[in-house]
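Numbering (the numbering used here), first residue to last: 65 to 291. By construction, the Cβ of each residue, glycine as well, lies at the ideal position given by its N, Cα and C atoms. Data block below; observations after.
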Amino acid sequence: MLGVVVNAAAVILGGLLGMLFGRLLNDRLAKAAMTGIGLCTLYIGFSGSLKSANPLILIAAMVLGAIAGTLLDLDGAVNRLGEKAQSLARGRGGRVAEGFVTASLLFCVGAMAVTGSLDAGLRGDNATLYAKSALDFVAAALLASTLGAGVLLSAATVIVYQGAIALAAGLIAPALTPQAVSEMAGTGSLLIVALGLNLLGITKIKVADLLPAILFAPVLTLIAGLF
């Protein structure tokens, strides 16, 4: 669990640094910074989505995930959680919830969150999570410079999500073959692309409704492997 704690701490420290820097930005500069963040998020998403070896599995996972997420109204649930975080932070500008939701999704849908947590839980190897912590530190600083305190609160999501994977690693690992992890990475990267488009103001995709796609990807990979 040490790697998970370090990851959460990196998010908090990066977020604090970003908030201090953000106070120096006026609205025009903040908008320019958000454009840069959105473009970088798109780049990360597009580069990671190339890891998918089977486009048919990726398509099926996204479609099934979207249907399941919409039926469960995951986007509504996540946004209500964000609003709760905003009330706890006494945020009045309306960006605390946005920062919490955006940062939580960005830090948790990538492949490193899954593989790093599995390595930590199975072998006590925190190397991947330490590397992820360095990346998340930078991302948290950039996001917090414009979205504020909500980014810090996403550290709780990191603890719960990655901690749960680490603790359940013994049960999860047998099902996650290299091919399954590859498809999870590709699916998660597409969700990051959607986040990037939202950050740029191009779309208003309900990314949380697509989260089940990450679970469908390894299941579909295992089923395909039977034929």
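Q: Report yes or no: do three or more beta-carbon pairs, one from the region 70-89 and one from the region 203-215, lie closer than 8 angstroms?
A: yes
Q: Reducing DSSP to helix, strand and coil, say where N190 ends up.
A: coil
(Q) Going by beta-carbon coordinates alone, are A177 and Q226 separated by less than 8 angstroms? (A) yes
Q) Taking the alpha-carbon positions, what's the E162 to L211 distance? A) 7 angstroms
Q) Under the rule that 16 or more other beta-carbon atoms within 10 Å means buried, what is I229, buried or exposed? A) buried
Q: Compute the beta-carbon to beta-carbon distance between A130 and G185, rounded to the nearest angstrom, for a pair I have assumed lies under 8 angstroms.
A: 29 angstroms between Cβ atoms; not a contact.
Q | M126, enclosing alpha helix (DSSP H) - first and last residue | A | 119-136
Q. If we ignore side chains and look at the alpha-carbon of each, how far apart do I287 and F171 end up?
A. 28 angstroms
(Q) Can you list, in chain order, the residues of its chain with a C-beta nearer than 6 angstroms to that of L207? Leave out the 5 residues immediately preceding and following it. (A) A167, V215
Q) Just curious, the alpha helix (DSSP H) that F304 is in, first and last residue? A) Missing from the structure shown is residue 304; the chain here goes from 65 to 291 and no further.
(Q) Does N90 come out as helix, strand or coil in the three-state DSSP assignment? (A) coil
Q) Thinking C-alpha only, which one of D183, F280, S209 is nearest A132? A) F280
(Q) What would DSSP say about R159, mapped onto helix, strand or coil? (A) coil
Q) Regarding R187 and the ligand FMN, is the C-beta to nearest heavy atom distance less than 7 angstroms? A) For the ligand FMN, the structure offers nothing, since it holds no ligand at all.
Q. Among I121, L182, L235, which one has its Cα closest to the Cα of E247?
A. I121
Q) Of all the options V165, L275, G250, which has the alpha carbon lying nearest to the alpha carbon of P119? A) G250
Q | Between the CA atoms of L145 and G79 - distance to the nearest angstrom | A | 19 angstroms
Q) Is DSSP giving V245 helix, strand or coil here? A) helix
Q. With a cut-off of 8 angstroms, does the C-beta of L169 fall near any C-beta of chain B?
A. No chain B appears in this structure, which consists of one protein chain only.
Q: Within 10 angstroms of the Cβ of V127, are there 16 or more other Cβ atoms? Answer buried if so, exposed if not.
A: exposed
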